[in-house]
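S.K.: Keeping their order, the protein sequence lines are chains A and B. FYI, the numbering for the first sequence is 66 to 203, going by this note's numbering. FYI, the numbering for the second sequence is 66 to 203, going by this note's numbering.
2 protein chains.
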Amino acid sequence: MSDMTSFLNNIKFDDRGLVPVIAVDDDTDQVLMMAYTNEEALQRTLSSGHATYWSRSRGKLWCKGEESGNIQKITDILLDCDGDTLIYRVKPMGIGAACHTGHRSCFYRHWDGSEWTDNGDPVMFDPKEVYKFTGDNK
Amino acid sequence: MSDMTSFLNNIKFDDRGLVPVIAVDDDTDQVLMMAYTNEEALQRTLSSGHATYWSRSRGKLWCKGEESGNIQKITDILLDCDGDTLIYRVKPMGIGAACHTGHRSCFYRHWDGSEWTDNGDPVMFDPKEVYKFTGDNK
Chain A
66 MSDMTSFLNN IKFDDRGLVP VIAVDDDTDQ VLMMAYTNEE ALQRTLSSGH
116 ATYWSRSRGK LWCKGEESGN IQKITDILLD CDGDTLIYRV KPMGIGAACH
166 TGHRSCFYRH WDGSEWTDNG DPVMFDPKEV YKFTGDNK
Chain B
66 MSDMTSFLNN IKFDDRGLVP VIAVDDDTDQ VLMMAYTNEE ALQRTLSSGH
116 ATYWSRSRGK LWCKGEESGN IQKITDILLD CDGDTLIYRV KPMGIGAACH
166 TGHRSCFYRH WDGSEWTDNG DPVMFDPKEV YKFTGDNK
């Protein structure tokens, strides 16, 4: 059995062939984003060492940062107990923002008891400057 | 508009009425588990202060730790940029294990390049001792 077969056999893909993946900053342990991946994106992730997802909205492989420069270098891949969720531990390259809004993390809002407010996660870039030419922002 | 309406209106539930939620240890930032929640489970979470999920396998509300004692006290709730994923930041009570296998985190396996192996996440209890009477372990 090849390594790739062993890798994939332990992952429970849903009926769309997808599995959720949580990207975690390897230096800070901050949760950066949650997205989906599939067999092809996982193969690309392993071969390139760069976090690759499946974009449900665009229906294609999505190497995070291929347009913005904010590539996520893979340092580890974790699998949960029932095999239906992954973690990519990553080192963010470039400006180091995971979110298309320019925030370091997509989780930049929290519930303050009466409304969803900004939780202070820093804004690292202006998305209007970075995504001038493409819709490759999520 | 009530606070609860404001809370729920910003969350994009999927076609099953569910939204994925990542439980993160508030002290260590470790990702403990990923599960799903719905409107009712979120209302219970806010009113009780204890992380509550929707168990897809059992088809009912699931207050984490109601059988094992490993309740997760909520310290913060985060929402991502497109509103379709939540984070519960929690303080694990009791023995402090999130996983039904007894591990602190459900993400106790990692890919070592040729196989999925234990990543050293500690085993905090023996699941055969804790879940004697019920199937309430996931």
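Here a beta-carbon is modelled for each residue, glycine too, at the ideal position from N, C-alpha and C. Note that the structure is predicted; figures quoted are calculated from it, not measured.
Hey, quick one: how far does the alpha helix (DSSP H) through V195/B stretch, first residue to last?
M.R.: P192 to V195 is the span of the alpha helix (DSSP H), which, as asked, contains V195/B.
S.K.: Straight-line CA distance for A106/A to S67/B?
M.R.: Looking at the two C-alpha atoms, the distance is approximately 42 Å.
S.K.: For A106/B, report the span of its beta strand (DSSP E) as first-last.
M.R.: Taken as a continuous stretch (DSSP letters only), A106/B belongs to no beta strand (DSSP E), being part of the alpha helix (DSSP H) at E104 to S113.
S.K.: Grouping DSSP H, G and I as helix and E and B as strand, with all else coil, what is T140/B?
M.R.: Reduced to three states, the DSSP call for T140/B is strand.
S.K.: Tell me which residues share the same chain as K77/B and place their Cβ nearer than 8 Å to its Cβ, disregarding the 5 neighbours each side in the sequence.
M.R.: Around K77/B: V84, D147, G148 and D149.
S.K.: Indicate whether I136/A and G159/A have their beta-carbon atoms separated by less than 8 Å.
M.R.: Yes, Cβ-Cβ distance for I136/A and G159/A is below 8 Å.
S.K.: Give the straight-line distance between the Cα atoms of E131/A and G82/A, rounded to the nearest whole angstrom.
M.R.: Their Cα atoms are separated by approximately 23 Å.
S.K.: For the 8 Å Cβ check, are there 3 or more pairs between the region 86-94 of chain B and the region 85-96 of chain A?
M.R.: The region 86-94 of chain B vs the region 85-96 of chain A: in contact.
S.K.: Which residues in chain A sit within 8 Å of P85/B, going by Cβ to Cβ distance?
M.R.: In chain order: P85 and M99.
S.K.: Let me see if you follow: with CB-CB separation under 8 Å, is F72/B close to chain A or not?
M.R.: Closer than 8 Å: yes.
S.K.: Tell me the rounded alpha-carbon separation between I139/A and K138/B.
M.R.: Near 31 Å, if we compare the C-alpha coordinates of K138/B and I139/A.
S.K.: For L205/B, which residues does DSSP report across the bridge?
M.R.: The structure shown does not extend to residue 205/B, since chain B is modelled only from 66 to 203, so the question has no answer here.
S.K.: Taking the beta strand (DSSP E) that S122/B falls in, what are its first and last residues?
M.R.: No beta strand (DSSP E) contains S122/B, which DSSP labels as neither H nor E.
S.K.: Beta-carbon within less than 7 Å of L126/B's beta-carbon, same chain only, minus the 5 sequence neighbours each way: which residues are those?
M.R.: Excluding positions up to five away in sequence, the list reads E105, A106, R109, T117 and W119.
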